[in-house]
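The next block holds one structure in the form of structure tokens; read it before the comments.
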Amino acid sequence: MKQAGKQLVLVLDFGGQYKELIARRVRELNVYSEIRSGAMSADEIRALQPDGLILTGGPSSVYLPNSQLCDPRLFDLGIPVLGICYGMHLMAHTLGGVVGPGGTREYGVVRAMYHGEPRNVLMSHFDCVKTLPDGFVCTGSTDICEIAAFENAERRLYATQFHPEVTHTERGSEIIADFLFNVCGLTADYFLADIADRLCQDVRRQVGSARVLLALSGGVDSAVVAALLSKAVPGQTKCVFVDHGLMRQDEGDQIERVFGARELEFRRVNAADRFLTALAGQTDPETKRKLIGEEFIKTFIDTIPDPGEYFFAQGTIYPDVIESGFSQTGDAAVIKSHHNVGGLPEEYKRRFLGITEPLRGLFKDEVRQIGRMLGLPDALVERQPFPGPGLGIRIIGDITQEKLDILRRADAIFRAEVDTLPFAERPDQYFAVLTNLRTVGVTGDERSYGYLLALRAVQTDDFMTCKYTKLPHELLDRASQRITNEIREIGRVVYDITDKPPATLEWE
Ligand code: XMP
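Following the working numbering, the numbering of the sequence shown begins with 16 at its first residue and continues without gaps.
Have a look at this one:
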């Protein structure tokens, strides 16, 4: 929500895949932005007093029935608008221009003319603006798309068919900056250093002198909440770290080292035995997830004498809020029941004094930066995503202490080898999976019968889809040699070369 006297740019979502990227680009230029549904009415928009609007891309065609249109009055609010891709079609269509199917699809980086200068831009469209609305001039074109950008400077309405928010578009960020600073007349005033201070003040104001309880999962978000609480309300904060014994090598100790030294009450609950007992003999992935989730909640609740004495702190971040706010995927099939393993049941949460979610306005990269500002080590802040059920879903079939030990060692070797790559070349997620297959080998002169281990490394923007990473063969070679030499129980190593879809990231 716009703070009094503060600037705000609204990104109106029409279902495009880059909505978060657009909002992040605006924030990177130090202007605060929020994502809202494209279905908002002009009155609702006006009430938020935004200084600029950006209309995102989207999958529909404006001229088809049932496509999501915008409130036509939004162009009369006197607020500058930048339409991108489908957002450009909306502007043209609403203001009397003509949009129709292009003769050829145009996907990928192409050469365009923009304001008389050539540059590479990312195009991803089939429809094109065929006729400009009255009062608009064409400012860009490509070989395939005659009107690739247009504007009406007097009304402060601008649009591009290409995507200025992606890095493949040359000087795309300049186009956004031009819109913010020259068209909307904004100045840079959104700085994370100030934000960290404001978040601390907000938490203090919200909780007053009450105590605050946080379940530390070991992930980035809850770690940053803990760091924030230790600064904002140090004497009042209690962090409970339920160690389910399914963490990666040294992870539990690292969390204890970092947070045990902070100004807060830190409690590590070593519950590995409890989880192993609950999981004994269970082989079905969904059952394992459910049991781990339930055990986590029970263990955590056992540590709280009376929730009515505490605020409950959660590491919710902005993408979680957007997804639960107006995601259009409510009916999607349940592939895996994941993501909030360890989330407390709603009726239990209501027994707390209240809920505090200090990071709910921030993107992941902002959360990481705030974490760094608050002095968290890079190893924690840069951590790749790790599922709540941990190694429990990276051991195919039943889980035993022995298998956990084997997987932990193999996974640590693989990660260490991948980490020899320069940071920018590392995959977004990489890990080992212990299968329940055994295969025949020969060690010295003897027959061996060890586990099959799989390695997985992927590139992804959103974890909804991914491409497997083409890791250098020398790296895979080193990892395989080290793993089979150092871990006698593993007889064979394979590399997973499947994308998502059709496979998911995790094997279970
Ligand atoms: P999938 O396997 O669904 O994974 O392609 C997508 C992303 O989600 C993570 N993941 C989970 N996270 N609890 C979680 O908190 C889970 O049960 C779970 N399963 C998968 C996975 O690591 C990847 O980043």
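From the three backbone atoms N, C-alpha and C, an ideal C-beta is built for every residue, glycine too.
- Sequence-distant partners of Val-448 (beyond 5 residues in either direction) whose C-beta falls short of 6 Å from its own C-beta, in its chain, are Arg-409, Ala-469, Trp-522.
- Per the DSSP secondary-structure output, Ile-50 pairs in a beta bridge with Val-26.
- Not a single heavy atom of ligand 1 lies less than 7 Å from the C-beta of Pro-516.
- DSSP places Ile-159 outside both helix and strand once states are collapsed to three, so it counts as coil.
- A direct Cα-Cα distance of roughly 8 Å separates Lys-379 from Tyr-333.
- The three-state secondary structure of Asn-81, taken from DSSP, is coil.
- Of the heavy atoms belonging to ligand 1, at least one sits nearer than 7 Å to the Cβ of Arg-304.
- For Leu-520, the shortest C-beta to heavy atom distance toward ligand 1 is below 7 Å.
- Distance from the CA atom of Gly-407 to the CA atom of Gly-358, rounded to whole angstroms, is 17 Å.
- Judged by beta-carbon spacing, Glu-166 lies within the 8 Å limit of Leu-172, meaning their Cβ atoms are closer than that value.
- With a cut-off of 7 Å, the C-beta of Phe-315 is classified as distant from ligand 1, since no heavy atom of the ligand falls inside that distance.
- Ile-505 carries a strand assignment under DSSP once its states are collapsed to helix, strand and coil.
- DSSP places Glu-121 in the strand class (E or B) of the three-state scheme.
- Around Asp-288, the same chain offers Gly-260 as residues with beta carbons nearer than 8 Å, after the five sequence neighbours per side are excluded.
- In its chain, beyond the 5 residues on either side, Ser-245 have a beta carbon closer than 6 Å to the beta carbon of Arg-277.
- Set against 7 Å, the gap from the CB of Ile-408 to the closest heavy atom of ligand 1 is smaller.
- Proximity to Glu-49 across Glu-489, Gly-73, Lys-21, Ser-75 peaks at Lys-21, based on C-alpha coordinates.
- Contact check for Gly-369 against Phe-326 passes: the beta carbons are separated by less than 8 Å.
- By the criterion of a C-beta distance shorter than 6 Å, Ala-192 is surrounded in its chain by Leu-44, once the five residues flanking it on both sides are discounted.
- Within a 10 Å sphere around the beta-carbon of Gln-399 sit fewer than 16 other beta-carbons, which makes this residue exposed.
- Around the beta-carbon of Ala-295, fewer than 16 other beta-carbon atoms lie within 10 Å, marking it exposed.
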